[in-house]
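Asker: This is the structure I want to talk about, given as structure tokens.
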Amino acid sequence: MLRTSRSDDGVYTSKLGTAFNHILPVKRKYKEKLVPATRWLTSLYFCLVVVNVLIKNGLDLLVRNCRIVDVTGVYEADIGVVDGRIAAIGRNLEARAEKIIDAGGRYVFPGAIDGHVHFKLKYFEDVYTADDFYTGTVAAACGGVTTIIDFVTPETRDYVEDYRRRKAEADGEVVVDYGLHMSVTDFDENIARMLTQLFEKEGLASVKMFTAYSRRGLMLDDGKSYRLMKLCREKNVLVMVHAENEHLINTLVDEFVSQGKTEPIYHSWSRPDFVEAEAVERVAFLAGLTGAEILIVHVSSAMGLNAILEARQKGVKIHGETCPHYLMFTEDVYKRSDGAKFIMSPPLKKEHDREGLWRGLLTDGFSVVGSDHACFNLSQKLGHKSFTTVPGGVAGTEVINMILFSEGVVKRGMPLSRFVSLTAHNPAKLYGIYPRKGVIKVGADADFYILDPSKKTRLTRENLHSNIDHSIYEDVEVSCRIVATFSRGEQIVDNGEFIGKRGRGKYLHMKRGDAG
1 MLRTSRSDDG VYTSKLGTAF NHILPVKRKY KEKLVPATRW LTSLYFCLVV VNVLIKNGLD
61 LLVRNCRIVD VTGVYEADIG VVDGRIAAIG RNLEARAEKI IDAGGRYVFP GAIDGHVHFK
121 LKYFEDVYTA DDFYTGTVAA ACGGVTTIID FVTPETRDYV EDYRRRKAEA DGEVVVDYGL
181 HMSVTDFDEN IARMLTQLFE KEGLASVKMF TAYSRRGLML DDGKSYRLMK LCREKNVLVM
241 VHAENEHLIN TLVDEFVSQG KTEPIYHSWS RPDFVEAEAV ERVAFLAGLT GAEILIVHVS
301 SAMGLNAILE ARQKGVKIHG ETCPHYLMFT EDVYKRSDGA KFIMSPPLKK EHDREGLWRG
361 LLTDGFSVVG SDHACFNLSQ KLGHKSFTTV PGGVAGTEVI NMILFSEGVV KRGMPLSRFV
421 SLTAHNPAKL YGIYPRKGVI KVGADADFYI LDPSKKTRLT RENLHSNIDH SIYEDVEVSC
481 RIVATFSRGE QIVDNGEFIG KRGRGKYLHM KRGDAG
């Protein structure tokens, strides 16, 4: 357990030199505007103001003995929080605080950003994912995720109303802060107008398009994809792409089904690596023509990753995301009697793909990791006569950090700075919430989690928090334990259990700068 206490009244006596280096104007009562010509004087004034605030009012939270991890490395310091934001970072901070927590020299990471979740998703007419916005974000929080970004799938031709409807579903339920992507399933002048309204007034900074799923009404053809990318280039909006070749998939599926080959393994064999790679090459070509910045989500194959790298070498602004299930399992699990529970799209691939994805994570091949969290109970996954009717998706938001730390940092030597880049820093920049999120930095939201690398955890259905009756990670052992999670300075997870309040999460207006 973490040691906590309330501080006694006292006087702020921390060294002012250190304070000036680490304290920014996160304050309750002072709202001053920076004047460029006198910025250094104003900054000095702000430092004095904050010191005065700390002396008079103290901190809301002080976390001592942290090993803070950021994109530059690891350093030891304390973290002071006022009004949900980081107000001070430094060694041996001395100030009154409403609550003091001793991190005990454990790692303190920026709260992870899972930019790819599907909570309360309508999959078929009467089939929904098992996690709603409450249970899904509780699972996320217990895994050190302090920001999630879900999707709006249009149900009408009114994208603005669909967006507001989805937001209303999340408000009052989420326990961490959240944003939304907009799935674009058609494109014309009216949709362009509505998207522009969402970009400019509602805080939308990313859209998603599909090169597959025409039978579900999701696929965008090449002409409309081109027009969407042009608009997004003009508005500096990220285009996320589900990249699989629709026509190749349909051809292979029809061949297998006509031969009576309907077991789960044929789900993988009907969507081989070249199905992904061809679609990546095609959308990358369009991105190069338009100048749009694109993110290929849930990359599952080494060939797909190579297509991203080749496009990047040609100057295309292209990023890749992969997911924990592709890093842990191969298509062999589809041969099990319960293989259907592993069905997702794109499917799991071969061992050389799994290792290729890890190489992409250890280098600069991938920009982010996401969970593609879309889970179902066994009654929804098992018992189907054909792989074509199994709802696709698995749970993952709670295990992202644990899997990546254990399998990446511990087993494969991934630098901690790279870990932070993949889970927090890069997604914050890509999705337009940096520097409010994704960093442990004065002025940022106080979103962070404490990870103990000396404790091993065996993942089971009982100690995970998704609203499902199984886990594909059952009995997987990870070389860490997440002992506490903080969202805007409030501790919401203690020793692996959620202690926050339903609906405390806030909607984020996202606006992208240069994602780099």
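For reference, each letter of the sequence shown is one residue, going 1 to 516 in UniProt numbering.
We put the beta carbon where it would ideally sit given N, CA and C, even for glycine.
None of the values given here were measured: they were computed from a predicted structure.
How far does the beta strand (DSSP E) with Tyr431 in it reach, from first residue to last?
Answerer: Here the question's residue 431 lines up with position 431 in the sequence shown. Looking at the DSSP string, Tyr431 is not in any beta strand (DSSP E); the run it does join, the alpha helix (DSSP H), is 426 to 431.
Asker: Quick one: Cα of Leu404 to Cα of Ser214, how far?
Answerer: On the sequence shown, position 404 is the one that residue 404 refers to. On the sequence shown, position 214 is the one that residue 214 refers to. When rounded, the distance between both Cα atoms is 34 angstroms.
Asker: Would you mind reading off the limits of the beta strand (DSSP E) that contains Cys142?
Answerer: Walking along the sequence shown from the start, residue 142 turns up at place 142. No beta strand (DSSP E) contains Cys142, which is instead part of the alpha helix (DSSP H) from 133 to 142.
Asker: I'd like to check one pair, Thr137 with Cys375: are the Cβ atoms closer than 9 angstroms?
Answerer: Numbered from 1 along the sequence shown, position 375 holds the residue referred to as residue 375. Numbered from 1 along the sequence shown, position 137 holds the residue referred to as residue 137. No, Cβ-Cβ distance for Cys375 and Thr137 is not below 9 angstroms.
Asker: Tyr75: buried (16+ other C-beta within 10 angstroms of its C-beta) or exposed?
Answerer: Your numbering for residue 75 matches position 75 in the sequence shown. That one is exposed.
Asker: Under the assumption that Leu382 contacts Asp332 (Cβ atoms under 8 angstroms), give the Cβ distance between them as a whole number of angstroms.
Answerer: Counting from one through the sequence shown, the residue named residue 382 turns up at place 382. Counting from one through the sequence shown, the residue named residue 332 turns up at place 332. Not really, about 18 angstroms apart at Cβ, beyond 8 angstroms.
Asker: Identify which residue in Ile308, Tyr266, Glu310, Cys66 has its Cα closest to the Cα of Arg336.
Answerer: Translated into positions along the sequence shown, residue 336 becomes position 336. Comparing Cα-Cα distances from Arg336 to each of Ile308, Tyr266, Glu310, Cys66, the minimum goes to Tyr266.
Asker: May I have the straight-line CA-CA distance separating Arg488 from Phe199, to the nearest angstrom?
Answerer: Counted from its first residue, the sequence shown places residue 488 at position 488. Counted from its first residue, the sequence shown places residue 199 at position 199. Roughly 25 angstroms separates the two Cα atoms.
Asker: Could you name the residues of the same chain whose beta carbon sits closer than 8 angstroms to that of Thr38, not counting the 5 residues immediately before and after it, in chain order?
Answerer: Here residue 38 corresponds to residue number 38 of the sequence shown, with the count starting at 1. Residue confidence for Thr38 is low, a pLDDT of 49 falling below 50, so the modelled location carries little weight; the figure read from the coordinates is stated next. Around Thr38: no qualifying Cβ.
Asker: By Cβ distance, which residues of its chain are closer than 7 angstroms to Lys341, with the 5 residues on each side in sequence left out?
Answerer: Counted from its first residue, the sequence shown places residue 341 at position 341. Leu378, Lys381, Leu382, His470, Ile472.
Asker: Going by C-alpha to C-alpha distance, which of Gly513, Phe486, Arg502 sits closest to Val63?
Answerer: Position 63 of the sequence shown, counted from the start, is the residue given in the question as residue 63. Cα-wise, what sits closest to Val63 is Phe486.
Asker: Suppose you measure from the CA of Arg233 to the CA of Val145; what does that come to, to the nearest Å?
Answerer: For the purposes of this step, residue 233 is taken as residue 233 along the sequence shown, with counting starting at 1. For the purposes of this step, residue 145 is taken as residue 145 along the sequence shown, with counting starting at 1. Roughly 29 angstroms separates the two Cα atoms.
Asker: Assuming Thr147 and Lys437 are in contact, meaning their beta carbons sit under 8 angstroms apart, how far apart are those beta carbons, in whole angstroms?
Answerer: Along the sequence shown, one-based indexing puts residue 147 at 147. Along the sequence shown, one-based indexing puts residue 437 at 437. Yes, they are in contact, since the Cβ atoms of Thr147 and Lys437 sit about 5 angstroms apart, within 8 angstroms.
Asker: Buried or exposed for Asn463, please, with buried defined as at least 16 other CB atoms from any protein chain shown within 10 angstroms of its CB.
Answerer: As a working note, residue 463 is residue 463 in the sequence shown. Exposed, by the Cβ-count rule.
Asker: So, using beta-carbon positions, are Val175 and Gly396 closer together than 9 angstroms?
Answerer: Residue mapping note: residue 175 aligns to position 175 of the sequence shown, counting from 1. Residue mapping note: residue 396 aligns to position 396 of the sequence shown, counting from 1. No, these two residues do not count as a Cβ contact at 9 angstroms.
Asker: Inspect the beta-carbon positions of Asn86 and Lys456 and report whether they are closer than 9 angstroms.
Answerer: To locate residue 86, count along the sequence shown from 1; it is residue 86. To locate residue 456, count along the sequence shown from 1; it is residue 456. Residue identity check: residue 86 is Ile in the sequence provided, not Asn. Cβ distance not < 9 angstroms, so Ile86 and Lys456 don't count as in contact.
Asker: Alpha carbon to alpha carbon, how far is Val409 from Gln259?
Answerer: Position 409 of the sequence shown, counting from 1, holds the residue named residue 409. Position 259 of the sequence shown, counting from 1, holds the residue named residue 259. For Val409 and Gln259, the distance between alpha carbons rounds to 45 angstroms.
Asker: Please list the terminal residues of the continuous beta strand (DSSP E) segment that includes Leu451.
Answerer: Working through the sequence shown from its first residue, we reach residue 451 at position 451. 448 to 452 is the span of the beta strand (DSSP E), which, as asked, contains Leu451.
Asker: Below 8 angstroms on the Cβ atoms is my guess for Leu178 versus Leu508; work out the distance and round it to an integer in Å.
Answerer: Position 178 of the sequence shown, counting from 1, holds the residue named residue 178. Position 508 of the sequence shown, counting from 1, holds the residue named residue 508. According to the sequence as given, residue 178 is Tyr; it is not Leu. Correct: roughly 7 angstroms between the Cβ atoms.
Asker: At 3 residues or longer, and completely inside the stretch 160 to 235: list those beta strand (DSSP E) runs for me, N to C.
Answerer: Counting only runs of 3 or more, we get 177 to 183, 206 to 210.
Asker: In the structure shown, what three-state DSSP assignment does Ser345 receive?
Answerer: By 1-based counting over the sequence shown, the position of residue 345 is 345. Residue state, collapsed to three classes: coil.
Asker: With a threshold of 16 other CB atoms inside 10 Å of the CB of Ala97, please say whether the residue is buried or exposed.
Answerer: Counting from one through the sequence shown, the residue named residue 97 turns up at place 97. With 16 or more other Cβ atoms within 10 Å, it is buried.
Asker: Anyone know if the C-beta pair for Tyr326 and Leu357 falls short of 9 angstroms?
Answerer: Here residue 326 refers to the residue found at position 326 of the sequence shown. Here residue 357 refers to the residue found at position 357 of the sequence shown. Yes. Within cutoff.
Asker: On a Cα-Cα basis, can you pick out the residue from Lys429, Gly365, Val297, Arg359 that is closest to Thr211?
Answerer: If you number the sequence shown from 1, residue 211 lands on position 211. Of the listed residues, the one whose Cα sits closest to Thr211 is Val297.
Asker: Let me know the secondary structure DSSP gives Ser487 once reduced to three states.
Answerer: Stepping through the sequence shown from its first residue, residue 487 is reached at position 487. It is a strand residue.
Asker: By Cβ distance below 6 angstroms, which residues in the same chain neighbour Pro272 in space, the five residues on each side in sequence not counted?
Answerer: As a working mapping, residue 272 is identified with position 272 in the sequence shown. Contacts found: none.
Asker: Could you give the distance in angstroms between the alpha-carbon of Glu263 and the alpha-carbon of Ile343?
Answerer: Numbered from 1 along the sequence shown, position 263 holds the residue referred to as residue 263. Numbered from 1 along the sequence shown, position 343 holds the residue referred to as residue 343. If you take the alpha carbons of Glu263 and Ile343, they lie about 11 angstroms apart.
Asker: Work out the CA separation of Thr389 and residue 524 for me, nearest whole Å.
Answerer: This structure gives no information on residue 524, because the portion of the chain shown stretches from 1 to 516.
Asker: List, from N- to C-terminal side, the beta strand (DSSP E) runs of 3 residues or more that fit wholly inside the stretch 60 to 122.
Answerer: Listed in chain order, the complete beta strand (DSSP E) runs (minimum 3 residues) inside the stretch 60 to 122 are 73 to 82, 85 to 90, 97 to 102, 107 to 110, 112 to 114.
Asker: Between Ser301 and the rest of its own chain, which residues show a CB-CB distance below 6 angstroms, the 5 nearest in sequence each way excluded?
Answerer: Mapped onto the sequence shown, residue 301 falls at position 301. Cβ neighbours of Ser301 beyond the five flanking positions: Asp273, Glu276, Lys349, Asp353.
Asker: Skipping 5 residues on each side, what residues in its chain have a beta carbon closer than 7 angstroms to that of Gln197?
Answerer: In the sequence shown, the residue the question calls residue 197 occupies position 197. Cβ neighbours of Gln197 beyond the five flanking positions: Val160.
Asker: Going by the DSSP bridge assignment, what does Ile294 pair with across the sheet?
Answerer: Counting from one through the sequence shown, the residue named residue 294 turns up at place 294. In the DSSP output, where bridge partners are listed per residue, Ile294 has Val239, Ile318.
Asker: Measuring straight from C-alpha to C-alpha, what distance separates residue 520 and Thr290?
Answerer: Because the chain spans 1 through 516 in this model, residue 520 falls outside it and cannot be assessed.
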